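Q:
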Amino acid sequence: MTMNFKEDHALQPFWQLVAAPIQTQALELALAKGLLNALEHHATIDEVAERFALHPRNTAVWLELLWSMGMLSRIRPMGAYATMYVASPLARRFFSPASAEDCSQAWLYRAGFLRGFAGQMGDFIAQAEAAPPAEPANPAAWARAAQAQIAQEQRAVTVPAALQLLRNLPALPACCRFLDLGGGPGLVAIALATTYAAWQGTVCDLPEAAQIAQANIDEAGLSSRIATLGANLDRDPIGSGYDLIWCSSVLHFVQDIDAVLRKMFQALKPGGRLLLAHAEQREDAEICARVLPFYTPMRMRGRYLPEQGELASAMIDAGFEPVDALEPACFPMAPAWVYIGRRP
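Letter by letter, the sequence shown follows residues 5 to 348 of this note's numbering.
1) What does a CB cutoff of less than 7 Å around L40 pick up in its chain, not counting 5 residues either side in sequence?
2) Is the number of C-beta pairs between the segment 146-163 and the segment 188-204 that are closer than 8 Å three or more?
3) Under three-state DSSP, which class holds D240?
4) With a CB to CB cut of under 6 Å and the five nearest residues on each side skipped, what residues in its chain are close to P310?
5) Mind checking which residues open and close the beta strand (DSSP E) that includes P177?
6) By the DSSP assignment, the beta strand (DSSP E) with S227 in it spans what residues?
7) Does the Cβ of H45 have 16 or more other Cβ atoms within 10 Å, making it buried, or fewer, making it exposed?
8) CA-CA distance, V342 and D222?
9) For the pair the segment 256-269 and the segment 318-327, tell me if three or more CB-CB distances fall below 8 Å.
10) Do the CB positions of A329 and V295 come within less than 8 Å of each other?
11) With distances taken from CA atoms, which of P241, A149, D240 and V22 is nearest E212?
12) Give the straight-line distance between the Cα atoms of D106 and G276, rounded to the nearest whole angstrom.
13) How far does the beta strand (DSSP E) with P274 in it extend, from its first residue to its last?
14) Using a Cβ-Cβ cut-off of 6 Å (strictly less than) and excluding sequence neighbours within five positions of I79, which residues of its own chain qualify?
15) Is it right to say V258 is buried, meaning 16 or more other beta carbons lie within 10 angstroms of its own, or is it exposed?
16) From I344 to A147, what distance separates their C-alpha atoms?
17) So, helix, strand or coil for A23, using DSSP?
Here it is, written out as structure tokens:
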């Protein structure tokens with residue numbers, strides 16, 4: 005009897021859930037030991053075990069698991085006992101410090117954070133009273149994030165997504181004054197100024213994060229074209245006269261969504277456009293399965309995750325006309341839905 009692997013058992017997704025911690029631990033160990041960097045060239049199981057002082061048999065099991073996850077490539081030139089492994093192209097691209105698209109530290113942060121919250125989830129659910137409103141983002145923690153995991157994910161994921169979205173927009177102005185709102189390390193703004201030679205802009209974020217952005221702008225040699233603005237979006241001015249505002253995954257952290265959208269509207273020139281990218285809770289369960297696990301910690305702490313259609317409606321209420329929904333884009337952790345609104 006042959007098994008049809010094209011059709012999974014209904015329980016297969018739940019079996020995969022219980023296996024996920026094993027895969028997570030396997031990759032965490034590989035990053036902690038520097039395995040992927042060490043496997044720049046093919047090596048046998050015994051060579052890996054000797055180099056890292058590991059148990060040969062269990063090293064073989066570990067390497068095979070990483071191979072099944074796409075982290076390693078393998079060859080068997082002389083049969084199973086001569087199996088050799090090397091870091092896969094995927095691993096070299098996203099999990100190597102030598103790569104410009106390295107996301108290893110960002111991935112480790114996400115893995116640790118979600119594991120830690122999972123251990124607290126029952127306490128959040130069991131609280132007799134609703135959790136107090138979420139506190140404002142901690143400035144020092146936000147700056148550390150901008151310097152580490154946010155910077156890695158911006159460089160590898162957000163920047164390409166933002167540039168692709170802009171390339172698909174009609175009639176981009178030759179000269180543009182833009183605002184990268186909640187820009188963290190400022191890598192999106194740097195990419196815009198690098199791609200569009202006549203554009204000038206501002207990165208706006210909490211003052212501690214804006215300092216990180218300023219250092220990156222200086223390093224890129226763009227301080228004459230990109231300014232920084234340290235501000236609290238809920239209470240501080242964000243400037244005015246912009247042709248374009250780029251705002252990605254910021255509304256989770258503000259206190260008054262409607263007031264912030266009105267502030268963005270007022271900051272634009274007539275004819276200026278807001279490009280807003282944000283995760284949403286959609287009506288499709290399969291799509292939500294890709295979004296909700298990452299945003300459950302935020303939501304249980306009182307942070308905002310919009311329902312489908314809420315952002316477009318709120319943008320219209322703030323004065324934007326028209327408001328168009330673009331195709332969802334690949335963003336860190338989960339897909340984001342992108343809306344573009346124009347100030348008449």
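Every residue, glycine too, gets a C-beta built ideally from N, C-alpha and C. Please read all numbers here as calculations on a predicted model, not as lab measurements.
A: In short:
1) So the qualifying residues of the chain are A34, M75, A91, A95, F99 and S100.
2) yes
3) coil
4) E284
5) From DSSP, P177 is part of no beta strand (DSSP E); its letter is neither H nor E.
6) Run containing S227: none; DSSP gives neither H nor E here.
7) exposed
8) Going by the C-alpha atoms only, they are around 30 Å apart.
9) The answer is yes - the segment 318-327 touches the segment 256-269, with three or more Cβ pairs under 8 Å.
10) no
11) Residue A149 is the option with its Cα nearest to E212.
12) 34 Å
13) L272 to H282
14) M88
15) In summary, V258 is buried, with 16 or more beta-carbon neighbours lying within 10 Å of its beta-carbon over all protein chains present.
16) 28 Å
17) DSSP places A23 in helix when its eight states are reduced to three.
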